[in-house]
Amino acid sequence: MSQKPRVRFAPSPTGYLHIGGARTALFNWLYARRHGGTFILRMEDTDQERSTPESVKAILDGLTWLGIDWDEGPGKEGPYAPYFQTQRLHLYRQYADQLIAEGKAYYCSCTREEIDERRKAAEAEKRAYKYEGTCRGQKTVPAGRTAVVRFQAPSGDGTLGFDDQVLGTITKPYADMDDFVMLRADGIPLYNFGCVVDDHTMDITLVGRGQEHINSTFPQLLLYRALGWTPPAFAHFPLILGPDREKLSKRKHPEADVMLHARNGVLPEALNNFVVRLGWSHGNEEVIQRPQMIEWFGFDHVGGTSGVWNPDKLTWLSQQYLKLLPPADVAARLRPFLLERGMDVPADARLEQVVLAFRERARTLVEMAEMARWVYSRGVSLDEKAATKHLGPEGRPVLDAVRAQLVALTAWETAPLDAVVKTVSEQLGVGMGKVAQPVRVAVTGNTVSPGIGETLAIVGRAEVLARLDAALAR
RNA sequence: GUCCCCGUCGUCUAGAGGCCUAGGACGCUGGCCUUUCAAGCCGGUAACACGGGUUCGAAUCCCGUCGGGGACACCA
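The opening position of the first sequence corresponds to residue 97 in the numbering used here, with each subsequent residue numbered one higher.
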């Protein structure tokens, strides 16, 4: 590659950042980082009805949470600013005028109603609709009317094609192309036109986007040619499908919301890993951390087949990262989830210990926070079934014996605490389970928890003794 | 309907003519470990859509059929 690549992610700010967009952004970002290029964020905010500042923020926040940073874009005004299409309207006007002057585009003063009628008529006759070109050649707006700017598609037997970096050669005959609207009467560009003008004026070298845009590549290619510009390279990524096998969409699939997963306590590293493996692979590697992702990523191993969203694998990955990341790091991320659940988390909350104790049992930060409930409570509420089974006549002497040992224990740590359980089981001549379970129930309220020594260590001496007493007193 | 893309276990995928009696991962499942639950370890389940070619040889190349998805706006 002779020049450093410049790639972009160009979402329209009409809602939250969705998974498909995040994956597109990630692939582009990875490509830029891999080749020492530039990753640009551009807001295609030309849909006046649906674009909102809140959505812009939501997208920025989503990307930030995922750790996808941009070199140019909102908040990072570079040499190609501005990065909002509504601030670039003069450019679209300028190039539209040029094409009209050259006879490559024209003012179309057909009304929407007229177009709609013809379209319906064509449908009724089961005939593919095509603009019939009644306004072709029109270089001015007829008096008393408004007009859009329409591009004149080529006719004849030609074929247009491009070499997709993922899919290979893709072609389409001229006969299947149609005159399309570039610019509305109010000067707002439509997707194909705005996209081309911006990609060219921003010196984009490669356009990476979802396969739903394959067909729009052709009108865009026509535009590049008419304008005398060299088109960038294209790479079309497979789609991400919902459980119903349809394209993941905001409307039908709640899981399409990137930040939903953040709220669910999935680690961003896990979501990145999951999403990058949907469509891309590197041999048999499953858990791939950022540096490796950057080193290995390439379009040659992006597939052409759409992938189905698999929540099980996402949560599995989430746990992998819970175990992989430094405990202190996980602890810092866990804290808000504990606070959110009303737990009192003091400064010396031994959060890292909690992470160590639960990371093999929890798959998300939410699960971890839920599991940690008994760690931060004053006293504990006993599960009735568990209490009946373990705190009855058989359990009481065990609790008494354990309590006596604990009071005398000097080092309140996992190993000596485990040793206490062992000693008591030998003393009373019963299995370890007969000792650990009553203690576990008394201290956590339930039959399931980390190892007993670890459990007692986390809860702390004073609180453990208090809970033992409470269990004995019932 | 027209055009475009795709088609390996339920899901994500490895596979670029012989290394494939098709490998890995998730899930499901049997076992081991074990003071509970996990985690971990060992094992099992399960796929080249179909039909024709090309070739000594095809999951891999070609054609057709079928299937899935996407695009057909003054949305992006």
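No residue lacks a Cβ here, since even glycine has one placed at the ideal position from N, Cα and C.
Rank the options by C-alpha distance to the C-alpha of residue i and give the top, closest one.
i, options, result
"Met139", "Glu173, Lys216 and Trp508", "Glu173"
"Leu137", "Val516, Ala177 and Pro512", "Ala177"
"His114", "Phe135, Thr506 and Glu351", "Glu351"
"Phe276", "Leu461, Cys204 and Tyr127", "Cys204"
"Thr301", "Gln183, Gln261 and Phe289", "Gln261"
"Trp125", "Leu502, Leu524, Leu159 and Gln190", "Leu159"
"Leu568", "Glu381, Glu210 and Ala500", "Ala500"
"Ser414", "His357, Gln523 and Leu495", "His357"
"Val372", "Lys346, Gly361, Asn288 and Asn406", "Asn406"
"Tyr227", "Leu263, Val244, Asp193 and Asp274", "Asp274"
"Pro101", "Thr142, Gly304, Lys268 and Asp157", "Gly304"
"Gly361", "Ser545, His349, Leu263 and Ala428", "Ala428"
"Arg564", "Ala497, Trp508 and Thr510", "Here residue 564 turns out to be Leu, not Arg, going by the sequence shown. The shortest Cα separation from Leu564 among Ala497, Trp508 and Thr510 belongs to Ala497."
"Gln144", "Thr540, Gly283, Ala201 and Cys206", "Gly283"
Where does residue i sit, in a helix, a strand or coil, going by DSSP?
i, result
"Trp405", "coil"
"Arg469", "helix"
"Arg386", "helix"
"Met139", "strand"
"Thr134", "strand"
"Phe370", "helix"
"Gly257", "strand"
"Ser151", "helix"
"Val462", "helix"
"Phe180", "strand"
"Met298", "coil"
"Glu522", "helix"
"Leu337", "strand"
"Met97", "With a pLDDT of only 48 at Met97, under the threshold of 50, the placement of this residue in the model should not be trusted, and no figure is reported."
"Asp272", "helix"
"Pro493", "helix"
"Lys348", "coil"
"Ala197", "helix"
"Val560", "helix"
Could you compute how far the alpha carbon of residue i sits from the alpha carbon of residue j?
i, j, result
"Arg232", "Asp272", "18 Å"
"Thr543", "Asp444", "27 Å"
"Glu168", "Pro175", "8 Å"
"Leu461", "His296", "44 Å"
"Glu219", "Asp212", "10 Å"
"Arg130", "Arg280", "39 Å"
"Pro512", "Ala504", "11 Å"
"Met439", "Phe433", "9 Å"
"Thr265", "His332", "12 Å"
"Lys518", "Met528", "6 Å"
"Gly306", "Asp479", "51 Å"
"Arg184", "Arg455", "49 Å"
"Met97", "Asp259", "The predicted model places Met97 with a pLDDT of 48, which falls under 50 and marks its position as unreliable; any figure quoted below should be read in that light. Near 16 Å, if we compare the C-alpha coordinates of Asp259 and Met97."
"Leu156", "Arg570", "55 Å"
"Phe370", "Thr401", "16 Å"
If residue i sits next to residue j, beta carbons under 8 Å apart, how far is it from one beta carbon to the other, in whole angstroms?
i, j, result
"Ala118", "Leu162", "6 Å"
"Arg241", "Tyr225", "In fact, because the Cβ distance is near 22 Å, the residues do not count as touching under 8 Å."
"Phe135", "Trp166", "5 Å"
"Gly403", "Pro339", "The Cβ separation is near 12 Å, so there is no contact."
"Ala532", "Ile554", "Contact doesn't hold; Cβ gap of about 15 Å is too wide."
"Ala110", "Arg146", "What sits at residue 110 in the sequence shown is Thr, not Ala. With 8 Å as the limit, Thr110 and Arg146 qualify as a contact, their Cβ atoms being about 4 Å apart."
"Tyr127", "Val103", "6 Å"
"Met464", "Leu430", "6 Å"
"Glu550", "Ala453", "5 Å"
"Val354", "Leu187", "So it is not a contact: roughly 31 Å between Cβ atoms."
"Pro315", "Asn288", "5 Å"
On the DSSP letters alone, give me the boundaries of the beta strand (DSSP E) that residue i sits inside.
i, result
"Tyr202", "Ala201 to Cys204"
"Arg305", "Leu302 to Gly306"
"His332", "Ala329 to Phe333"
"Lys268", "Gly264 to Pro269"
"Met278", "Phe276 to Leu279"
"Val103", "Arg102 to Phe105"
"Arg246", "Val244 to Phe247"
Residue range of the alpha helix (DSSP H) that residue i falls in?
i, result
"Phe123", "Ile115 to Arg130"
"Thr313", "Thr313 to Leu323"
"Ile554", "Ile548 to Val555"
"Met528", "Met528 to Thr540"
"Lys393", "According to the sequence shown, residue 393 is Phe rather than Lys. No alpha helix (DSSP H) contains Phe393, which DSSP labels as neither H nor E."
"Arg215", "Arg208 to Ala220"
"Arg431", "Pro423 to Glu436"
"Arg570", "Careful: Arg570 lies outside any alpha helix (DSSP H) and carries neither H nor E."
"Arg359", "Val354 to Arg359"
"Val362", "Here Val362 belongs to no alpha helix (DSSP H), and DSSP marks it neither H nor E."
"Lys226", "No alpha helix (DSSP H) holds Lys226; DSSP gives it neither H nor E."
"Leu478", "No alpha helix (DSSP H) holds Leu478; DSSP gives it neither H nor E."
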